[in-house]
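First the structure, in the form of structure tokens, and then the observations on it.
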Amino acid sequence: MTKLALILMGFSLAALFIYQSVFATASYPEIAPTYRIAVSHTPLSAPFFVAQQHGLFKKFGLNIELQILSGGVKCFEQMAAGDAEFATVSETVVMFNSFFRDDFSVLASFVESDNDLKLLSLTPEKYLNVADLEGVRVGMIKGSASEFFVDNTLILNSKNLDFIDRVYFGAHELVPNLLAGKVDIISAWEPLGYQVSQIAAGASQILSTKGLYSLSFNLIAKKSRDLKQNEVNVRILLALSEAIELINEAPLQHQQEVSQLLKVSLSQLSYSWGDYTFRLSLGNALVSNLQTQAQWAVESRLVPGDILVDFRDVIDTQAFEDISTQRGGW
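For the working numbering, count along the sequence shown from 1 and bump the result up by 9.
Written out as structure tokens, the structure is:
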């Protein structure tokens, strides 16, 4: 290659580098405010942790503060109080709150699991089938996936909802009250299942409930009149999409990152990781689940029976459709 050719190649590469740098930055200029996302302290929230760890929010011009809280109910309350603009919640939390307020929207589901919620006991040998649960004290979180999971299990086994003695706690109170003997069973998600299995020095799950209930975790947003709101929503979803790609390409590496952030052992995280399907989705399956759970809540008199909720109005599809177009669909 001649000296002139080398010089021209050098100029070309430099020009290409400058072009890519300038236009990559110009595509996502920084949006100045810091946006707060209330994130549940669970491995299900891994896409948010990975996005933050790898600078993906920054890549898309966002300043994001993650507020890690115990459970989706707390995350919703944080957002509702105005202390966060976004939150991660199960579809059950979405359903319950849709009966009482219309100031939030679901932007996307980012993970699903059919084995994250479990019924746990220190003496699982006493509860070999649902009939053994009669009159048993079951700890759960009111108005959450924890409660729906219990009732769904009873309904599928032709039992009345008063078949058990339900006791309500906050998420952080479930395991301590089980250990203190104040309840016989708790309905809880990971990593609490792993924690109880270690304390019980063996199997702690009662019954075989895998597949009975598919939990989704969803990103919700406080409705805003800010003209930049959809652009912010789009960028957050783009960051999550890239984080999910990283997770699925190198699961072990990102399990290690998440275990360090959550301050749990890698073995504890790996215990349930295989049950998670990380992907962005938004569609009829979520609406159907919300409708099913709403029917349960009305029949159980947990919500007013005279309020009709159209869950299609709870879902904001614009940002998801925008990134689907950019990414060529999923």
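Built from N, CA and C at the ideal position, the CB exists for glycine as well.
Residue i vs residue j beta-carbon contact at 8 angstroms
i: Ile173; j: Leu142; result: yes
i: Asp123; j: Tyr222; result: yes
i: Val159; j: Leu187; result: no
i: Ile229; j: Val318; result: no
i: Leu289; j: Ser250; result: yes
i: Ala259; j: His63; result: no
i: Asp193; j: Val145; result: yes
i: Phe105; j: Val312; result: yes
i: Ser49; j: Leu78; result: yes
Residue i, buried or exposed, once every other Cβ within 10 Å from all chains shown has been counted against 16
i: Leu165; result: exposed
i: Gly292; result: exposed
i: Asp325; result: buried
i: Ala117; result: buried
i: Arg244; result: buried
i: Glu94; result: buried
i: Gly152; result: buried
i: Leu137; result: exposed
i: Glu134; result: exposed
i: Gln262; result: exposed
i: His8; result: No information on residue 8 is available, as it lies outside the stretch 10 to 339 that the chain covers here.
i: Ala35; result: Annotation note: pLDDT 39 at Ala35 (below 50); position unreliable, no value reported.
i: Lys83; result: buried
i: Gly81; result: buried
i: Ala14; result: Residue confidence for Ala14 is low, a pLDDT of 43 falling below 50, so the modelled location carries little weight; the figure read from the coordinates is stated next. Exposed, since its Cβ has fewer than 16 Cβ neighbours within 10 Å.
i: Glu39; result: exposed
i: Asp125; result: buried
i: Ala303; result: buried
i: Asn242; result: buried
i: Leu236; result: exposed
i: Ala189; result: exposed
i: Glu308; result: exposed
DSSP beta-bridge partners of residue i
i: Trp198; result: Leu126
i: Asn227; result: Val98, Ser118
i: Gln214; result: Leu129
i: Ile208; result: Answer is none; Ile208 lacks a bridge partner.
i: Ile340; result: Past the edges of the chain, shown from 10 to 339, lies residue 340, and the structure says nothing about it.
i: Tyr203; result: Answer is none; Tyr203 lacks a bridge partner.
i: Tyr44; result: Ile73
Spatially closest choice to residue i from the options, by CA coordinates
i: Ala328; options: Thr286, Leu246, Leu317; result: Leu246
i: Gly148; options: Leu53, Ile195, Asp315; result: Ile195
i: Ser99; options: Ser114, Phe226, Tyr44; result: Phe226
i: Val139; options: Leu249, Asn169, Ser153, Gly152; result: Asn169
i: Ala41; options: Val59, Leu183, Gln238, Val176; result: Gln238
i: Gly283; options: Leu71, Gln264, Leu270, Phe69; result: Gln264
i: Asp331; options: Ser130, Glu240, Ala209; result: Glu240
i: Pro200; options: Pro52, Ile150, Arg310, Asp111; result: Pro52
i: Ser297; options: Gln214, Val267, Thr101, Lys232; result: Thr101
i: Ser130; options: Met88, Gly81, Asp171, Pro185; result: Pro185
i: Arg45; options: Leu183, Gly179, Ile73, Ser276; result: Ile73
i: Val115; options: Asp125, Leu126, Thr132, Met88; result: Met88
i: Phe287; options: Ser213, Glu254, Val307, Asp315; result: Glu254
i: Asp315; options: Gln61, Arg321, Ser54, Phe108; result: Phe108
i: Tyr285; options: Ala55, Ser309, Arg321; result: Ala55
i: Gln61; options: Glu86, Thr301, Glu308, Glu266; result: Glu266
i: Asp171; options: Leu299, Arg310, Leu270; result: Arg310
Whole alpha helix (DSSP H) elements within the region 101-179, 4-residue minimum = Secondary structure in the region 101-179: the alpha helix (DSSP H) runs of 4 residues or longer, each lying completely within the stretch, are 154-165 in chain order.
Ordered list of alpha helix (DSSP H) runs contained in the region 46-94, each at least 4 residues | 55-62, 65-68, 81-89, all fully within the region 46-94.
At 3 residues or longer, and completely inside the region 229-288: list those beta strand (DSSP E) runs for me, N to C.
-> If we require 3 residues or more, the region 229-288 turns out to have no beta strand (DSSP E) run fully inside it.
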